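Step one of this worksheet: look at the structure below.
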Amino acid sequence: MFGLPPETTMIAAILAPLAGALLILLTGKNPNLREAVTLITASITFALVASLYPLVMAGGTPKVILGQMLPGLELALALEPLGMLFALVASFLWIITSIYAIGYMRGHHEQNQTRFYLFFAISIAATLGVAFAGNMLTLFTFYEILTLATFPLVTHSGTPEAKRAGRVYLGILIGTSIGFQLVAVIWTWSLTGTLDFQAGGILEGKVSGAVASILLVLYVYGIGKAALMPFHKWLPAAMVAPTPVSALLHAVAVVKAGVFSVLKVIVYIFGMDFLSGDVSTDWLLYISGFTIIAASIIALRQDNLKRRLAYSTISQLSYVIMAAAILAPLSMVGAVLHIAAHALGKITLFFCAGSILVASHKTEISQLDGIGRRMPWTMAAFAIGALSMIGVPPMAGFISKWYILNGAFATENMIAVGVIIASTLLNAGYLLPIVHRAFFKKAPDESARHGEAPWPIVVALTITAALTVLMFLFPGQVLQLARLVIA
Amino acid sequence: MNASHLPILQVIVPLMAAPVVILLRRPNAAWALATLVTWTAFAISLALMAQVLNEGAFVYPIGGWAAPWGIEYRLDRVGALLLVIISGIGSVVMPYAKSSVEKEIPRDRVYLFYTMYLLCLTGLLGIAITGDVFNLFVFLEISSLSSYVLIALGRDRRALTAAYRYLIMGTIGATFYIIGVGLMYMATGTLNMADLATLMPSVIDQRTALAGLAFLTVGISLKLALFPLHLWLPNAYTYAPSVVTAFLAATATKVAIYMLIRIIFTVFGATHILEVLPFVQNILMVFALAGIFAASAVAMFQDNIKRMLAYSSIAQVGFIILGISMLSTLGLTGGIIHLFNHALTKCALFLAIGCVAYRVGGTRIGDMQGLGRRMPWTMAAFVVGGLSLVGVPMTVGFVSKWYLVLAALDKGLWPVAGLIVIGSLLTLIYIWRVIEAAYFQQATEDAPVVTEAPLSMLIPLWITVAASVYFGIDASRTLDIAFDASETLMRGALP
Numbered sequence: 368m369f370g371l372p373p374e375t376t377m378i379a380a381i382l383a384p385l386a387g388a389l390l391i392l393l394t395g396k397n398p399n400l401r402e403a404v405t406l407i408t409a410s411i412t413f414a415l416v417a418s419l420y421p422l423v424m425a426g427g428t429p430k431v432i433l434g435q436m437l438p439g440l441e442l443a444l445a446l447e448p449l450g451m452l453f454a455l456v457a458s459f460l461w462i463i464t465s466i467y468a469i470g471y472m473r474g475h476h477e478q479n480q481t482r483f484y485l486f487f488a489i490s491i492a493a494t495l496g497v498a499f500a501g502n503m504l505t506l507f508t509f510y511e512i513l514t515l516a517t518f519p520l521v522t523h524s525g526t527p528e529a530k531r532a533g534r535v536y537l538g539i540l541i542g543t544s545i546g547f548q549l550v551a552v553i554w555t556w557s558l559t560g561t562l563d564f565q566a567g568g569i570l571e572g573k574v575s576g577a578v579a580s581i582l583l584v585l586y587v588y589g590i591g592k593a594a595l596m597p598f599h600k601w602l603p604a605a606m607v608a609p610t611p612v613s614a615l616l617h618a619v620a621v622v623k624a625g626v627f628s629v630l631k632v633i634v635y636i637f638g639m640d641f642l643s644g645d646v647s648t649d650w651l652l653y654i655s656g657f658t659i660i661a662a663s664i665i666a667l668r669q670d671n672l673k674r675r676l677a678y679s680t681i682s683q684l685s686y687v688i689m690a691a692a693i694l695a696p697l698s699m700v701g702a703v704l705h706i707a708a709h710a711l712g713k714i715t716l717f718f719c720a721g722s723i724l725v726a727s728h729k730t731e732i733s734q735l736d737g738i739g740r741r742m743p744w745t746m747a748a749f750a751i752g753a754l755s756m757i758g759v760p761p762m763a764g765f766i767s768k769w770y771i772l773n774g775a776f777a778t779e780n781m782i783a784v785g786v787i788i789a790s791t792l793l794n795a796g797y798l799l800p801i802v803h804r805a806f807f808k809k810a811p812d813e814s815a816r817h818g819e820a821p822w823p824i825v826v827a828l829t830i831t832a833a834l835t836v837l838m839f840l841f842p843g844q845v846l847q848l849a850r851l852v853i854a
Numbered sequence: 016m017n018a019s020h021l022p023i024l025q026v027i028v029p030l031m032a033a034p035v036v037i038l039l040r041r042p043n044a045a046w047a048l049a050t051l052v053t054w055t056a057f058a059i060s061l062a063l064m065a066q067v068l069n070e071g072a073f074v075y076p077i078g079g080w081a082a083p084w085g086i087e088y089r090l091d092r093v094g095a096l097l098l099v100i101i102s103g104i105g106s107v108v109m110p111y112a113k114s115s116v117e118k119e120i121p122r123d124r125v126y127l128f129y130t131m132y133l134l135c136l137t138g139l140l141g142i143a144i145t146g147d148v149f150n151l152f153v154f155l156e157i158s159s160l161s162s163y164v165l166i167a168l169g170r171d172r173r174a175l176t177a178a179y180r181y182l183i184m185g186t187i188g189a190t191f192y193i194i195g196v197g198l199m200y201m202a203t204g205t206l207n208m209a210d211l212a213t214l215m216p217s218v219i220d221q222r223t224a225l226a227g228l229a230f231l232t233v234g235i236s237l238k239l240a241l242f243p244l245h246l247w248l249p250n251a252y253t254y255a256p257s258v259v260t261a262f263l264a265a266t267a268t269k270v271a272i273y274m275l276i277r278i279i280f281t282v283f284g285a286t287h288i289l290e291v292l293p294f295v296q297n298i299l300m301v302f303a304l305a306g307i308f309a310a311s312a313v314a315m316f317q318d319n320i321k322r323m324l325a326y327s328s329i330a331q332v333g334f335i336i337l338g339i340s341m342l343s344t345l346g347l348t349g350g351i352i353h354l355f356n357h358a359l360t361k362c363a364l365f366l367a368i369g370c371v372a373y374r375v376g377g378t379r380i381g382d383m384q385g386l387g388r389r390m391p392w393t394m395a396a397f398v399v400g401g402l403s404l405v406g407v408p409m410t411v412g413f414v415s416k417w418y419l420v421l422a423a424l425d426k427g428l429w430p431v432a433g434l435i436v437i438g439s440l441l442t443l444i445y446i447w448r449v450i451e452a453a454y455f456q457q458a459t460e461d462a463p464v465v466t467e468a469p470l471s472m473l474i475p476l477w478i479t480v481a482a483s484v485y486f487g488i489d490a491s492r493t494l495d496i497a498f499d500a501s502e503t504l505m506r507g508a509l510p
C-alpha cells in the first residue's frame with residue numbers, strides 16, 4: 368500500500384487509527400468533519416491491512432522491532448496468517464461500524480460523542496497491535512491497552528450502572544491478565560529465555576508436562592477476554608455500552624482478541640504436537656464444552672436482547688477454544704474460520720439490536736412482537752445472523768461448525784460432538800423465537816409509530832448480513848488463510 | 016570548574032547556597048537561587064553518572080586526605096543512580112514549587128522553606144556519595160532535621176504533631192544507626208566502608224558485630240518506613256506542604272533504602288551474613304510482604320488522597336525490600352529498578368494531588384468529584400501515574416513488577432510471585448476509587464468552580480509522567496545500570 372514495505376505498513380496500520388484519534392479530538396467541534404475523519408481513517412487502516420494480504424498468502428512473514436523494552440526483550444511486530452485474518456476482520460468491520468455508529472449515536476442522541484470516537488479509534492489501534500504482535504510481551508502490552516482503551520466506552524453513559532459495570536469489566540480483565548497471564552508470560556521467559564511466536568512452540572523440551580499443564584491453565588484463564596467460565600461476567604456487564612461498542616468491540620475486536628490470543632498461545636507457544644503429548648488438555652475441552660452449554664442455557668433465560676446476545680457470544684467464543692482443544696488440524700481450521708464467521712454473524716445481530724433500540728426504544732425481547740413488519744430490513748438481517756449462529760447453510764456459521772465437527776469426528780472426540788449438537792439446538796432455542804416473534808406474532812396496539820432505523824444503520828446491517836451469506840458462498844480466501852495457520 | 020572535584024561540589028554547592036538563601040530573604044530570589052542550585056546539582060549528578068558508566072566506580076578523598084585518616088567519597092553505579100534520582104526529582108519539583116509554595120506557606124517563611132529544602136537536598140546527596148559510615152550519619156541528620164522543619168511548614172496545624180512524631184521516630188532511628196556504627200567501630204576500629212568490608216569477615220563471629228548489624232538494620236528500617244516501623248510516615252506525608260511530600264516521597268525513603276543496601280551488601284557483604292543467618296533474610300521478606308498487604312489494605316479505606324498515597328508508599332517500599340531480601344542479582348535488580356521507577360511514579364502522583372490542592376484547596380476524595388472535566392490534564396496525569404503504580408505495560412511500574420516476579424520465579428518462590436501480582440491488583444482498587452470519583456461523580460453544588468492548574472505546575476507534573484512512560488517503554492538503559500549495580504553489589508565488595 369502506497370509503496371510502503373510490509374514492515375512499515377504494519378506500523379502504519381497501528382499508527383493510522385492513533386493519528387485518526389488525534390484528528391477526531393481536534394475536529395470534535397464539528398461532528399460532520401469528525402465523522403468524516405473516522406470514516407477516512409477506517410478506510411485507510413483497512414487498505415493498509417489489506418495490502419499485506421497477498422504477502423501472507425505467498426508465505427511471507429515480515430517482522431519489525433519497535434524498540435527494546437527490557438534487555439533481550441523487544442516490542443516487535445510479526446505478521447502471520449492468523450493475525451492477518453484477525454486484522455482483516457477487525458479493520459474491515461470498523462468501516463461498517465463507523466457508518467453504523469453515525470446513525471446510532473445521532474439517532475439515539477448520545478452525549479460525549481467525540482470521546483466515543485476517540486477511544487474507539489484507540490481501541491482499534493490496540494486490536495491491530497494484538498493481531499500483529501510478534502512476541503508474547505507485545506501481545507500482552509496491546510492486550511492491556513485494549514482493556515484500558517475500551518473502559519471509557521463501556522462506561523460511556525457515566526450512570527451508576529455503567530460505573531458498576533466498569534468495575535466488573537476492569538476487575539475481571541485486569542485481574543486475570545495481571546494475576547495469571549503476566550505470571551505465565553514471565554514464567555515462560557524464565558524457563559525458555561524467549562517469548563517469540565514460533566511454529567511448533569517454544570516450550571517443548573524445556574518444561575515437563577506437569578509444568579506445561581499449569582502454564583496452560585495460567586494462560587487460558589489469564590486471557591480473560593476469551594470469557595471462559597467462570598471469568599465471563601465482564602461481557603454481559605459490558606453491554607451497558609452504546610451498541611456500536613457492543614457490536615464491534617464486544618462481539619468482534621475485544622473478545623476475538625481473547626480467543627485469538629488463546630490460539631496464538633496454543634499454536635505458537637505450546638505447539639499442537641507438544642500439547643498432544645504429556646500436557647493435560649482434557650480439562651480445557653471440558654471447561655469450554657461446559658461454557659458452551661451453560662452460557663446457552665443462561666441465554667435462553669435472558670429477556671434483554673443485548674444480554675441474550677452477550678451470553679450467546681460467551682458460548683460461541685468457547686467454540687473456538689474447544690475447537691483448538693480438540694487438537695486436530697481440521698478443528699483448528701474450524702477455530703480460525705469461526706473467528707471470522709462468528710464476527711460477521713454476531714456483529715449483524717448487535718447491529719439489529721441497536722437498530723431496534725434507536726427506532727423503537729425497545730430493549731426487551733418480549734416487546735418485539737410483530738416488529739418485523741415495521742423493520743423488515745433489520746429483522747431479515749437478524750434472521751440471517753441467527754441462522755449463521757445456529758450453523759444453518761447458506762450462512763458462514765455452517766462452514767466453521769463443519770470443520771470443527773470434522774475434526775471432532777476425526778479424533779473420535781464424542782464429547783465435543785455431543786456438545787456441538789446440544790448447543791446447536793440451544794442456539795436455535797434462544798434465537799429463533801425472536802425471529803418468530805418479530806414476524807409471526809401480532810403487534811400490540813401502540814400509540815408510538817415507528818419505521819426502520821436511520822439509513823446508515825440499515826446500510827451497515829445489510830452489508831454484514833450479506834457478508835455472512837457471501838462467506839458461505841465464497842469461503843476460498845478465508846479457508847486458505849486458515850489452512851496456512853496449521854501448515 | 017575542575018571536573019575531578021565534582022563529587023565534593025555535588026554536596027557543597029547546595030550546602031553553601033542554603034545560608035545565602037537566608038540572606039536573600041525575598042521569596043522570588045530564594046526560589047530562583049534554589050532552582051538554579053538544584054539544576055546545577057542535577058548537571059553534576061549526570062556528569063558523575065557518565066563518569067561512573069565510562070570509567071567505573073571511583074574514590075574521592077576529601078581535601079586530599081586518604082582514608083582512613085580522611086573522609087572519602089565513593090561513587091559506584093547505585094550511588095550515582097541515587098544522585099540522579101535525588102537531584103533530578105529536585106529539579107522537576109523546583110519550578111512547580113513556586114506557585115505551590117506561595118499558596119501553601121506564609122510569605123514571610125518562604126525563604127526558610129527554600130533554605131531547608133537545600134539542606135535536605137545536601138543531606139540526601141551526601142548520603143548517596145559518601146564512603147564513610149559516620150559521615151553518612153552526619154548527612155542523615157542534616158537531611159532528617161531539615162525534613163522535620165519542611166513538614167512542620169504545612170498549613171494544617173496537625174503538620175506540627177506529624178513533624179514532632181517523625182522527629183521522635185527519626186531520632187530513634189538515627190540513634191540506633193549511630194549505636195550500630197559505634198559497635199562496628201568497636202569491633203573493627205574503622206569507619207570507612209571499604210575498610211569495614213574487608214575487616215568484617217574476621218570479626219563477624221563476635222556478638223559486637225552482630226549487635227551492630229541488628230541496630231543498623233532496625234535504625235535504617237525506621238527511616239525507610241518498613242512495616243511495622245512506618246508509623247511516622249502517613250501523617251508526615253499527609254500534612255506536609257504538597258511540594259515537600261512530592262520531594263520527600265520520591266527521595267527520602269529511597270535514600271534510606273540505599274543505606275540498607277550499602278550496609279547489607281557492601282559493609283557486611285563479604286561476610287555473607289544473610290546467608291549464614293537466613294532468618295534475617297526471612298524477616299525482611301516477611302515484613303516486606305506484610306507491609307505490601309497491610310498498607311495496601313489501609314490505603315483502600317483512606318478518605319484523604321495524600322494519606323492514601325502515603326500508605327501506598329509504605330506498600331511500595333515493601334516491594335523494594337522484597338526484591339532486596341531475595342539476595343539474588345535479579346531480585347536486587349528488581350529492587351533497585353523499582354526504587355528508581357517508584358520515585359518517578361510517586362512524585363508524579365503527589366504532584367498531581369498538589370495541583371488539586373492548589374486549585375480545590377483540599378485533597379479528600381470528595382474534593383476530587385468532577386475533576387475529570389474541570390482539571391483534565393491533572394487528572395489524566397493522575398490516571399497514567401496510577402496505572403504505573405499498578406504496573407500496566409508501557410509504564411515503569413510494569414518493568415519493576417516484571418523483574419520482581421521474575422526474581423521470585425527464578426528462586427522458586429511461587430507463593431511470593433503470586434503475592435506480588437495480588438499486591439499489584441490491590442493497588443488498582445485504591446487508585447480506581449480516585450479515578451471513579453473524578454470521572455463518574457459530579458461536583459457538588461457548593462464546590463468551588465475550579466480551572467486547570469497553572470502551567471508552571473502542569474509542566475513539571477507531565478515531565479514526571481512522561482518519564483514514567485518513557486522508562487517503561489525503553490527500560491533497557493535504566494535496567495542495565497540497575498543490573499550492573501546489583502551484580503557489583505552481589506559480589507559483595509566495594510569497587
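Those protein sequences? They're chains A and B, same order as listed. Residues 368 to 854 in our numbering are what the first sequence lists, from first letter to last. Residues 16 to 510 in our numbering are what the second sequence lists, from first letter to last. Each residue gets a CB set at the ideal place from its N, CA and C atoms; glycine is no exception. No experiment lies behind these values; they were computed from the predicted model shown.
The beta carbon of P761(A) sits closer than 7 Å to those of V836, F839 and L840, all from its chain and outside the five residues before and after it, given in chain order.
Membership of R482(A) in the alpha helix (DSSP H) is indicated by the continuous run Q480 to F499. Residue ranges of uninterrupted beta strand (DSSP E) with 3 or more members, entirely inside the segment 48-126 of chain B and ordered along the chain, are 73-76 and 87-90. Within chain B, no C-beta atom comes less than 9 Å from the C-beta of K573(A); the nearest is roughly 14 Å away.
Against S403(B), chain A offers no close residue; the least beta-carbon distance is about 12 Å (beta-carbon pairs closer than 9 Å). Taking all protein chains in view, the Cβ of E502(B) is surrounded by fewer than 16 other Cβ atoms within 10 Å, so the residue is classified as exposed. The beta carbon of R173(B) lies closer than 6 Å to those of Y254 in the same chain, with the five residues before and after it left out.
In the pairwise beta carbon analysis, the segment 187-202 of chain B is classified as touching the segment 232-251 of chain B: at least three pairs are separated by under 8 Å.
By the C-beta criterion, the segment 369-383 of chain B is judged to be in contact with the segment 445-461 of chain B, since at least 3 inter-stretch pairs fall below 8 Å. By the rule that beta-carbons nearer than 8 Å mark a contact, V578(A) does not touch chain B. In the structure shown, G434(A) adopts extended strand secondary structure according to DSSP, grouped into three states. With respect to the C-alpha of F397(B), the residue from H287(B), S340(B) and A452(B) having the closest C-alpha is A452(B).
A residue is called buried when at least 16 other Cβ atoms come within 10 angstroms of its Cβ; D91(B) meets this threshold and is buried.
DSSP places R448(B) in the helix class (H, G or I) of the three-state scheme. Exclusion of the five residues before and after V218(B) leaves A202, T203 and A224 as the residues of its chain whose Cβ lies within less than 7 Å of its Cβ. Only W554, W556, S557 and L558 from the segment 554-573 of chain A bring a Cβ to less than 9 Å from some Cβ of chain B. Among the residues of chain A, none has a CB under 7 Å from the CB of D499(B); the nearest is roughly 11 Å distant.
Among the bridge pairs identified by DSSP, E374(A) is matched with none. For the alpha helix (DSSP H) assignment, the uninterrupted runs of no fewer than 4 residues enclosed by the segment 171-227 of chain B are, from N- to C-terminal side, 173-203 and 208-218. Counted as a single uninterrupted DSSP element, the alpha helix (DSSP H) harbouring E528(A) occupies residues P527 to T543. Around F334(B), no beta-carbon contact reaches into chain A at under 7 Å, the shortest distance being about 14 Å.
For the set V416(A), V802(A), A604(A) and E402(A), the Cα lying nearest the Cα of I466(A) is the one of E402(A). According to DSSP, residue pairing for T145(B) in a beta bridge involves Y88(B). At a C-beta separation below 8 Å, E119(B) has no neighbours in chain A, since its nearest C-beta there lies roughly 33 Å away. The DSSP-derived three-state label of N780(A) is coil. When secondary structure is reduced to three states using DSSP, A608(A) falls in the coil class, being assigned neither helix nor strand.
The closest CA to that of M274(B), considering only V480(B), F152(B), I329(B) and L342(B), is found on F152(B). Membership of L440(A) in any alpha helix (DSSP H) is not indicated; the residue belongs instead to the beta strand (DSSP E) covering L440 to A445. For V282(B), no alpha helix (DSSP H) segment is defined, and its DSSP state is neither H nor E. Each residue's CA atom was taken as its position, placing S418(A) and L562(A) some 27 Å apart. F518(A) has its alpha-carbon roughly 14 Å from the corresponding atom of V622(A).
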